[in-house]
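S.K.: Before I ask anything, here is the structure I am working with.
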Amino acid sequence: MEGTGRGVAEAVREVLADFDPGRPLSRARTLPKEWYTWEGVAELEREAVFGQTWQAVGRRELVAEAGSYVTFAVAGEPVVVVRGEDGVLRGFINVCRHKAARVCTAEQGRASKLRCRYHGWTYDLRGRLRGVPEFAGVEEFDREANGLPEVATAEWGPYVWVHLGQPATDLESYLHPLPQWAADRQAFQGLVWHERRVYDLACNWKVYVDNYLDGGYHVNTVHPGLSEALQYRDYRTICEGATVLQVSPLQAASGAVGRTRSGDLAAYWWVYPNVMFNIYPGVMDCNIVVPLGVERCRVLFDLYFAEGTPPDFIAESLAVTEQVQREDMEVCEEVQRNLHSRSYRYGRFSVERENGGYYFHQLLGRALQEAAGVQPRTSTPAPGRSA
């Protein structure tokens, strides 16, 4: 039982305290299962994790022209990002100040002004309230104070990003060292967006991230096709800042995998908490993992190919991507079901493989514990910190 009461319920606080992010990897335990199954934990994540980090919300090319916009929900908050007539990209809370209807209802579009379809309140592209029909006689109403609240907005890589809180760093600093790596390798140069695929999974969003960050531990058993192309012995995981890089040299493989996953290396970048860039020579897919509930999530796949890639290559590559994703979905949903087993509370990490997964748990664990004012029960000082 999660318990009830004001603030973070005591039962949730107890569960939060039952994870020690200061342990060395050799003695570390995974997050307790309740972190994946309790609504109280999910509620805390919405504010302390998704509401306090840079979040990718839409593709940059969709907001290239003045008046073009995209909408998205971040931590349950409707957001609209629009390109102003002055060329500046701005993000706003997409909620009308009159009766809380969404101002922009389409996922993307273009407009000279932002007009709420409910009562016609109108805002300009800078979020300022400009049109208020039939409001004569209303007293103590400050039109200038009733514009759309602005949120921090930035662009990098394929995406537009927003931050609902007060970002401690700019976006590129947050993403470090990914931007420099991408620039050095010209990782995005010449890539063209092909399509977006949407996958709904019956699992907590963290199960999907855990699977992604296990250092290739599951590749040989879950992805026998993909494993042929990866030099597993040389698969490495590097953790820094808000990122994890998993990198493996590529080797000759048979079939569609060998034809579409070739070149020097495969690089899998994760950005805390929920964005992934899977990069092969001439092929990339970018993933955004969106919580839909305690035991449901949605994964958005944006698929890119080098300009001029032949259609038959694209078709084969998409088939490989689809196969790998279906294999991951099956195991992730099985894990979620079995997190309810009375025999399981938490697991352990492979020292050889799962430093990336533990790094994720450390970042998340510290964020939730700090937000709830909770100390781990058996705290060990984090590297570089005194007791």
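Residue numbers (full-length UniProt numbering): 1 to 387. Just so you know, even glycine gets a beta-carbon here, dropped at the ideal spot from N, CA and C.
#1: Near V74, what residues of its chain come up, given a Cβ to Cβ distance below 8 Å and the 5 sequence neighbours on each side ignored?
#2: Pull up the distance between the alpha-carbon of G356 and that of E240, whole angstroms please.
#3: Could you work out which residue in W156, V15, R128, E134 is closest to E61 when comparing CA atoms only?
#4: From W270 to R90, what distance separates their C-alpha atoms?
#5: Take the Cβ of G87 as the centre, count every other Cβ of all protein chains shown within 10 Å, and call the residue buried at 16 or more, exposed below.
#6: Among residues of its own chain, excluding the 5 on either side of R377, which ones have a beta-carbon nearer than 8 Å to its beta-carbon?
#7: Leaving out five residues before and five after D124 in sequence, what residues of the same chain have Cβ atoms less than 7 Å from its Cβ?
#8: Can you give me the Cβ contacts of A372 inside the same chain, cut-off strictly under 7 Å, excluding the 5 residues immediately before and after it?
#9: For the candidate residues Y346, Q251, G255, whose alpha-carbon lies nearest to that of S262?
#10: Please report how far the alpha carbon of G244 lies from the alpha carbon of D170, in whole angstroms.
#11: Tell me the DSSP bridge mates of L292?
#12: Based on the DSSP output, what are the partners of R115 in its beta bridges?
#13: So, W205 versus V289, is the Cβ gap smaller than 7 Å?
#14: For Y118 and A152, I'd like the C-alpha separation in whole angstroms.
#15: Compute the distance between the beta-carbons of A256 and E322, then report whether it is under 7 Å.
#16: Using the C-alpha atoms, what's the distance from E295 back to A28?
#17: If we ignore side chains and look at the alpha-carbon of each, how far apart do W181 and E144 end up?
#18: Of the choices Q189, V80, G216, Y199, whose alpha-carbon is the least far from that of V351?
#19: How big is the Cα-Cα spacing for Q362 and G22?
#20: Just the C-alpha distance for S248 and A266, rounded to the nearest angstrom, thanks.
#21: Quick one: grab the DSSP three-state call for G87.
#22: Take the Cβ of H340 as the centre, count every other Cβ of all protein chains shown within 10 Å, and call the residue buried at 16 or more, exposed below.
#23: Could you compute how far the alpha carbon of P149 sits from the alpha carbon of W121?
#24: Sorted by chain position, which residues of the same chain lie with C-beta nearer than 6 Å to V103's C-beta, five sequence neighbours on each side aside?
#25: Taking 7 Å as the threshold (C-beta atoms), are Q108 and V138 in contact?
#26: In three-state DSSP terms, what is H361?
#27: Given this structure, state the Cα-to-Cα distance separating T380 from G84, to the nearest angstrom.
#28: Classify Q246: buried if its beta carbon has 16 or more other beta carbons within 10 angstroms, exposed otherwise.
#29: Quick one: what's R29 bridged to in DSSP?
#30: Buried or exposed: where does N287 fall if 16 or more other Cβ atoms within 10 Å of its Cβ makes it buried?
M.R.: Quick look at the numbers:
#1: F50, G51, Q55, V57, V162, L164
#2: 10 Å
#3: W156
#4: 25 Å
#5: exposed
#6: A17, D18, D20
#7: K113, R130
#8: V8, R13, L16, L44
#9: Q251
#10: Strictly speaking, residue 244 in this sequence is Val, with Gly absent from that position. One C-alpha to the other measures close to 19 Å.
#11: Paired residues: none, contrary to the question.
#12: T122
#13: yes
#14: 27 Å
#15: no
#16: 24 Å
#17: 44 Å
#18: G216
#19: 8 Å
#20: 5 Å
#21: coil
#22: exposed
#23: 15 Å
#24: N94, C96, L114, C116
#25: no
#26: helix
#27: In this prediction, T380 has a pLDDT of 47, which is less than 50 and means its spatial position is unreliable; nothing more can be read from the coordinates.
#28: buried
#29: R348
#30: buried
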